[in-house]
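**Student:** Protein chains in written order, with the working numbering: chain A, 1 to 145; chain B, 1001 to 1145.
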DNA sequence: TGGGAATCGTTGAATATTCAATATTTTCCA
DNA sequence: TGGAAAATATTGAATATTCAACGATTCCCA
């Protein structure tokens, strides 16, 4: 008896997520191109835009990067004067990250590029579908943790 | 007037996709751990499991890897005797990739690990939600291309 | 039919990420 | 309270990815 063909890769949730993620990220990266900033740096800047001071661990969690990767990305951003480090006085193991004025200005320009992408997607893909997709993704993430 | 706070990062579609993708991929990777194979190699093996011979370009597209990255990953897989290269007789610029017997056996073990993950997700997250999510992702990908 | 342009895959150098080990500080409890 | 264990961030070496350039082959049309 012949071996039954297995489900094609394109029908796996993991693959669909990877594909969608890649495509949307590509489009966003293309918009960010003129600012010369990768998507991860936008996420960092955005989290820091509350002006509050976030530890590296907290940031790593929030921007989906592991610690050493974040450390090195932050090094680059410090060189570019977008963010700066302050040792936490209450717990001196920690480093608190802040956005500089230059970083804040960049954040606003990136935010508006990102919003325009979201608007573009909602327009082409449909408001309802977009909202449904977001809701389902939130649910999946919640269950997965 | 104070600047209005911008939408939090967690409400952006791009972020939700990245987060969900990361989490699902992590879980899949954990299951693949005992076989010592990254998710990308499973994708490659799965595409090759039709026994037909796929060019590098075709493969790169199918498994969401760019050409140089795929070349080097295939190099490793050839070393592990999972796949092999054959020059295309009809167009000698092309290289056709095939799965070895060893590769095919591994593919089956990985397929069953992947299926068990999908079953786990469907169970915890709900059959309907999973199906809806897949459908919406397919739609998004289609629009995006 | 000759030869420039396009396609396909690989390579090497530059860059980025990851893993394991480290230094520092804090926590906890015997 | 002393000191082992845990938490935090960084570093360096190993690994992986990306970018630009290349070599080989095929396509196309003047």
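Backbone N, C-alpha and C fix where the C-beta goes; we use that ideal spot for every residue, glycine too.
All figures in this text were calculated on a predicted structure; none of them were measured in a lab.
(1) In the DSSP output, which residue or residues are listed as bridge partners for residue 1095 of chain B?
(2) Within a Cβ cutoff of 7 Å, which residues of the same chain sit near residue 12 of chain A, ignoring the five residues on either side of it in sequence?
(3) On the three-state DSSP scale, how would you describe residue 55 of chain A?
(4) Taking any Cβ of chain B, which residues in the stretch 39-58 of chain A have a Cβ under 9 Å from it, in chain order?
(5) Taking Cβ to Cβ, would you say residue 1014 of chain B is nearer than 8 Å to residue 137 of chain A?
(6) Which of the three DSSP states, helix, strand or coil, is assigned to residue 67 of chain A?
(7) Under 8 Å between the Cβ atoms of residue 1056 of chain B and residue 1070 of chain B?
(8) Residue 102 of chain A to residue 1008 of chain B, Cα distance in whole Å?
(9) Can you look up residue 1145 of chain B in the DSSP assignment and give me helix, strand or coil?
(10) Just checking my contact of residue 1114 of chain B with residue 1042 of chain B at CB under 8 Å: how many whole Å lie between their CB atoms?
(11) Quick check on the burial criterion: 16 or more other C-beta atoms within 10 angstroms. Buried or exposed for residue 39 of chain A?
(12) In the DSSP assignment, the alpha helix (DSSP H) including residue 103 of chain A goes from what residue to what residue?
(13) Going by the beta-carbon positions, is the gap between residue 1035 of chain B and residue 1110 of chain B smaller than 8 Å?
(14) Answer with yes or no whether the minimum CB distance from residue 1130 of chain B to chain A is below 8 Å.
**Tutor:** Quick look at the numbers:
(1) B:1087
(2) none
(3) strand
(4) 39, 42, 43, 46, 47, 49 and 50
(5) no
(6) helix
(7) yes
(8) 20 Å
(9) coil
(10) 7 Å
(11) buried
(12) 101-125
(13) yes
(14) yes
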